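Numbering (the working numbering), first residue to last: -18 to 681. Okay, so here's the structure we're looking at.
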Amino acid sequence: MPERRSKRGFVMTGGGAKGLYEAGVIHAFHLCSLPFDIITGSSIGAMNALFYAEYLLHRRQLSEADAADPLETIEALDPMVKAFQHAWLKLPEAGFIDDSEKGPLGKLKNDLLEWKLGIPLLVRLAWWYSTPGRWPIFPVQVWPYLPRLVQEGFNRLGSGNAFIEKWRAEGYSPPEAAIRAYLKRFDLEHSLVPPESKQVNDFFVTPVTPLQPEHLEGKRPADEGEGLLLLRPDRTMLDYVREGIDLRLTRANYRTGRLELSAYTSIADFVDYLESRNASSDVVLGSSRLQIPGNPRAIDAAVASGRFPGVFAPYPVEAIYDEGNEETAPENALLHRLLEKGLDDGRVKQILYDAYQELNPDIPTAALDYLWEHIYDYWASLPFPRQGDSYVDGGAIDNTPTNSAVDAIREAIDRARLAERRGQRSRQQARGDISPSRRDTILDLYVVYLHEEPDPGTADVQARPALYEVVSRTLKIKGAATLTSDAATVKTINKFGQTGEALGQGVRAFLDTVQKLDESLEELLEKDLDEETRAVVVAGMRARFRDILAKEAEGAGIGRIEAETLPELLAAIREWSERLIEQRLPLHVNPVEIYPDAMRLDTLQFTTRLGFRHENAIDAMTMGCYNTFWRLRSYLEGKEHTPEFDEVDRQTLSLARRWMGFEQWPDPELREELRERWLCQRARCPFHARHCPHGAGATT
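This is how it looks when you write it as structure tokens:
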């Protein structure tokens, strides 16, 4: 059996300000010098995934001397990681949401305070408005309040009927039209953050000084040094691909409701995607993530993924991709034509057909045309993005993009297999990074969650609980069930793979037995029958056995096999079993789930007024780091004596042991105690002296 190769994926979930925890996880991975083959992110996880991809790019561009020594690599990149940490702690200064007195929210608050409408009036009007058959009669008890409501409305919206005309033209109800007109006065008609705002984009391209202990105390260091750029403004996804970094960010199309990926996709890769996703014989687990050709701008791709509904306006597709041209950026040129004209456009069809023909030079033209028409008709019937489309939070559909990481590795394997079939070598094969067999690949999938490990717990349930107790308990159970189902996806993939491999191995064993019986059939009959009679009996038995076996194979889902002889049939079934094992099975995925012990931050705590607290931010960041050390070491200690434990695992485990300060992994009954009291040895960390529960100031 070929040696299994380990691949590594890093998945970051959404959660707004909770992304501080992911920043701590990134710090731990930096100190353990852990690389990844695929990075996926959704919502705030997309922002952090983008930084980590940039970090890996810088790491791949280090000098040979720094890259050869893990400790030198860590020291060379430490300022960049500390600048990233400092940027997160400066979150209230980023200005994502303007909640100042002079900002939109402040003006709205001041205006609402001037309304002369009390709670009794609002309740009475709302109750009346929701009553069926209320029109056209105004109940007597509502009459005294109507003049005051009309007067307050005229004071703010004017006595004109502009918003009523908008209601009639666009189909809004009177209250909806009034609310839109009212919020427009404060630039809040579409979102809390103005659509043209660039604060989130600027967050990445504004130089930040590396974090120092004084910053954690709210002081400015005497020698703060120069700021470092977290990301180049002109960075594109292709820059990462050229360095062997596969970054995929999810986004939700506001019009179609489909999940899409922001990732570099060449025209050839797009054609491969259309072909593989169209193949009915392929096994694809998980929801479909639409890939489109193009080279996204990195910052805009991350921003599009993090458009939290209501807070940020949907992000236009045109802002994610430069137009380009067919010579310098053919994938972007194709995308913009596809957005404008659709898949039915003749030029779009020709470009894709030419790429398909180039990828399959050995297929006769007639067969190629037939196959391509079948593929194209399938995709033309589905909703594709078009000009004017926009995107909301990718976490609205897929907050835990594990399937995107699994798909990425699977597609790399499939491309390697296709390249091998065509007598070529894929980029990953040339580097020795990938095997053309799913069976020989194991994916270590590190998934960061921004909530505590799902557990509804137990409750002392009363016979007649109060209303709020029923609601609270039900929401807790529902939330735990939802989160558990998210985490179970990988386990489902593995179970399917194990079942499929067992089936394939069973077929192999059965075929070996049948072949041996067939080979010994003439020998068994040789003593009792003459040569002519023996030949007739053997031919009849083989034909009968062939017919039975063919019928059973078709019933088992292998399909109808046209074979004239038993050896031909056995060869066809054996080929099917080999293809099942080598090509059609999903990857084996080892999930390494990293949960916080607690989460004191809420999603929208971007500013102090909205709940951001410096101490909670520090708590989340340090927790992300020490939780990752413990979970990473737990996993690698268990993997150490398996055939899949490779050089990257060895180096990572060695560094984890170094920073955690103990070599011997304790017995299970002692681990929980050690989990609380182990001390980090990374004294140069800004949090170490006073702010980390496992630092120098920790209580032992």
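For every residue, glycine included, the Cβ atom is placed at its ideal position computed from N, Cα and C. The model shown is predicted, which means the values in this text are computed figures rather than measured ones.
Quick check on this structure: which residue in the options has the alpha carbon closest to the alpha carbon of residue i?
{"i": "Ala57", "options": "Thr231, Tyr36, Leu240 and Leu72", "result": "Tyr36"}
{"i": "Tyr234", "options": "Asp253, Leu271, Trp353 and Glu198", "result": "Inspection of the sequence shows that residue 234 is occupied by Asn rather than by Tyr. Selected option, being the one with the closest Cα: Leu271."}
{"i": "Leu89", "options": "Glu307, Pro274, Glu170 and Thr422", "result": "Glu170"}
{"i": "Phe(-9)", "options": "Ala(-2), Gly(-3), Leu12 and Ala27", "result": "Ala27"}
{"i": "Ala386", "options": "Gly305, Glu95, Asp425 and Arg40", "result": "Asp425"}
{"i": "Ser172", "options": "Thr633, Trp360 and Pro85", "result": "Pro85"}
{"i": "Ala300", "options": "Asn313, Thr309, Asp281 and Arg391", "result": "Asp281"}
{"i": "Met580", "options": "Gly(-4), Arg(-14) and Ser(-13)", "result": "Gly(-4)"}
{"i": "Pro156", "options": "Asp204, Leu106, Glu241 and Pro188", "result": "Leu106"}
{"i": "Pro194", "options": "Gly225, Ala64 and Gly305", "result": "Ala64"}
{"i": "Leu15", "options": "Thr(-6), Ala48, Ser44 and Tyr2", "result": "Ala48"}
{"i": "Thr309", "options": "Leu324, Leu138 and Asn276", "result": "Asn276"}
{"i": "Pro51", "options": "Asp630, Ser257 and Asp325", "result": "Asp630"}
{"i": "Glu256", "options": "Tyr430, Tyr296, Asn91 and Asp395", "result": "Asp395"}
{"i": "Asp578", "options": "Thr584, Asn608, Lys83 and Ile599", "result": "Asn608"}
{"i": "Ile78", "options": "Met641, Gln586 and Leu634", "result": "Gln586"}
{"i": "Gly99", "options": "Trp640, Glu133, Lys83 and Phe185", "result": "Glu133"}
In the DSSP assignment, find the beta strand (DSSP E) that holds residue i and state where it starts and stops.
{"i": "Phe(-9)", "result": "Arg(-14) to Met(-7)"}
{"i": "Thr21", "result": "Ile19 to Gly22"}
{"i": "Asn571", "result": "His569 to Ile575"}
{"i": "Asp425", "result": "Thr422 to Val429"}
{"i": "Ser243", "result": "Leu240 to Ser243"}
Between which two residues does the alpha helix (DSSP H) carrying residue i extend?
{"i": "Tyr110", "result": "Ile100 to Tyr110"}
{"i": "Tyr372", "result": "Tyr372 -> not in any alpha helix (DSSP H); beta strand (DSSP E) instead, spanning Ser371 to Val373."}
{"i": "Asn234", "result": "Segment Asp227 to Asn234 is the beta strand (DSSP E) holding Asn234; no alpha helix (DSSP H) there."}
{"i": "Tyr153", "result": "Element bounds for Tyr153: n/a, residue is neither H nor E."}
{"i": "Leu613", "result": "His595 to Lys620"}
{"i": "Glu3", "result": "Gly0 to Leu12"}
{"i": "Asp578", "result": "That residue, Asp578, is in no alpha helix (DSSP H); it is neither H nor E in DSSP."}
{"i": "His672", "result": "Counting along the chain, His672 falls outside any alpha helix (DSSP H), and DSSP gives it neither H nor E."}
{"i": "Ser286", "result": "Ala279 to Ser286"}
{"i": "Arg688", "result": "Missing from the structure shown is residue 688; the chain here goes from -18 to 681 and no further."}
{"i": "Gly196", "result": "Looking at the sequence itself, residue 196 is His, so the reference to Gly does not match. It spans Pro194 to Leu197 - the alpha helix (DSSP H) in which His196 sits, taken as one unbroken run."}
{"i": "Phe184", "result": "Gln180 to Val186"}
Under 8 Å: does the beta carbon of residue i sit that close to some heavy atom of the ligand ADP?
{"i": "Gly87", "result": "As presented, the structure is devoid of all ligands, the ligand ADP included, so that no description of it is given."}
Return yes when the Cβ of residue j is within less than 9 Å of the Cβ of residue i, no when it is not.
{"i": "Arg229", "j": "Thr21", "result": "yes"}
{"i": "Ala397", "j": "Tyr221", "result": "no"}
{"i": "Pro5", "j": "Gly605", "result": "Inspection of the sequence shows that residue 5 is occupied by Gly rather than by Pro. Yes, the Cβ-Cβ distance between Gly5 and Gly605 is below 9 Å."}
{"i": "Ser371", "j": "Ala294", "result": "yes"}
{"i": "Leu340", "j": "Val252", "result": "yes"}
{"i": "Phe10", "j": "Leu613", "result": "yes"}
{"i": "Ile25", "j": "Ala(-2)", "result": "yes"}
{"i": "Leu192", "j": "Gln66", "result": "yes"}
{"i": "Leu316", "j": "Glu307", "result": "no"}
{"i": "Val292", "j": "Pro366", "result": "no"}
{"i": "Lys(-12)", "j": "Ile423", "result": "yes"}
{"i": "Leu582", "j": "Asn571", "result": "no"}
{"i": "Met602", "j": "His39", "result": "no"}
{"i": "Ala679", "j": "Arg658", "result": "yes"}
{"i": "Phe643", "j": "Leu655", "result": "yes"}
{"i": "Cys13", "j": "Phe610", "result": "yes"}
{"i": "Glu312", "j": "Thr246", "result": "yes"}
{"i": "Thr(-6)", "j": "Pro274", "result": "no"}
{"i": "Arg137", "j": "Arg166", "result": "yes"}
{"i": "Glu434", "j": "Tyr576", "result": "yes"}
{"i": "Tyr337", "j": "Trp353", "result": "yes"}
{"i": "Leu634", "j": "Leu660", "result": "no"}
{"i": "Arg278", "j": "Arg223", "result": "no"}
{"i": "His595", "j": "Leu31", "result": "no"}
Let me see if you follow: with CB-CB separation under 9 Å, is residue i close to chain C or not?
{"i": "Asn571", "result": "Here chain C cannot be found, since the structure has a single protein chain."}
Exercise for review: Count the CB pairs spanning the stretch 204 to 215 and the stretch 98 to 111 that are closer than 8 Å, and state whether there are at least three.
Suggested key: No: fewer than three Cβ pairs fall under 8 Å.
Practice item. Evaluate contact between the stretch 279 to 294 and the stretch 360 to 378, counting only Cβ atoms and requiring at least three cross-stretch pairs below 8 Å. Key: Enough Cβ pairs lie closer than 8 Å, so yes.
Review point. Unbroken alpha helix (DSSP H) runs of length 4 or more, entirely within the stretch 625 to 667: which are they?
Key: 628 to 641 and 649 to 658
Review point. For the 8 Å Cβ check, are there 3 or more pairs between the stretch 198 to 207 and the stretch 166 to 182?
Key: Proximity of the stretch 198 to 207 to the stretch 166 to 182 falls short of the contact definition, fewer than three beta-carbon pairs being nearer than 8 Å.
Check your understanding: Is it a yes or a no for the stretch 655 to 667 touching the stretch 587 to 598, going by three-plus beta-carbon pairs under 8 Å?
Key -> No: the two stretches stay apart, fewer than three of their Cβ pairs being nearer than 8 Å.
Check your understanding: What runs of the beta strand (DSSP E), each 3 residues or longer, lie entirely inside the stretch 18 to 85?
Key -> 19 to 22
Check your understanding: For the stretch 321 to 395, which segments carrying the alpha helix (DSSP H) assignment without a break, of at least 4 residues, lie completely within its bounds, in sequence order?
Key -> Counting whole runs of 4 or more residues, the stretch 321 to 395 contains the alpha helix (DSSP H) stretches 327 to 340 and 346 to 361.
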